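Asks: Can you read through this structure? Questions will come right after.
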Amino acid sequence: MVRSLERKVEETVHHLERKVEKMVHHLERIVEEMVHHLERKVEKMVHHLERIVEEMVHHLERKVEKMVHHLERKVEKMVDNLERKVEKMVHHLERKVEKMVHHLERKVEKMVHHLERIVEKIVRPLERKVEKMVRLLKRKVEKIEESRENGLSFAEERRENGSFFREKSSENGPFFREESRGNGPSFREENRENSPSFREESRENGPSFREESRENSPSFREESRENSPSFREESRENGP
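In structure tokens:
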């Protein structure tokens, strides 16, 4: 009995050991399968995460490229706008400079024209004065020549009639000297007025003297100034 029991116990123990071994082996296989399954899942997750990361990186790269392109377009537009503004400013400045140059040229032309008129106003009276002085000098030379000729003829006549006057004065005495002293200047003035040279001189100097006195009068100067084209031009420029 004891042996049979021992055998039974041994058989049960052996059977249990085999069962335990099977169970352990089965559990090991299950654990291996689970580990393998988990590894595969982890690999899939890692791969999926890698793909997600790659997609995110690619998406970010595309976004960055778009932003860079957009910024480049904005910068180009800003540069174009600035260039156009600079061109407009340059064109506006050129027009302003042209207007200023044209205005200055017109001013210079007006000043030159005004100076020419002033010079003409100054030169014309000087030319007239020079012409008058030349005429007066010519007349004076002619008068001197005539006076020299008349002086020579008068000296010859006086020299011829000297003896007669001396005799007559000695006869008439102081009365003749007084009469000759009283009538001397009037007689000389009368002879001078009746002489052809004096008449010619008065005829030549008459209109010129009247013209000169008229030109030197304030009313004539004011009238000539108002009637001058330069004065009319100046009044038109300065008027309303």
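Each residue of the sequence shown is one higher than the one before, counting from 39 in the working numbering. The beta carbon of each residue, even a glycine, is placed where N, CA and C say it ideally should be. None of the values given here were measured: they were computed from a predicted structure.
Which class does GLU49 belong to by DSSP, given the choice of helix, strand or coil?
Replies: helix
Asks: Report the rounded CA-to-CA distance for ILE156 versus MET138, giving the unit in angstroms.
Replies: Across the structure, ILE156 and MET138 are spaced so that their CA atoms are roughly 26 angstroms apart.
Asks: Between the alpha carbons of ASN188 and LYS181, how many angstroms are there, rounded?
Replies: Going from the Cα of ASN188 to the Cα of LYS181 covers about 10 angstroms.
Asks: Roughly how many whole angstroms lie between the Cα atoms of SER251 and VAL161?
Replies: In this predicted model, SER251 has a pLDDT of only 48, less than 50, meaning its place in the structure is not dependable; the value taken from the coordinates is given anyway. Approximately 19 angstroms between the Cα atoms of the pair.
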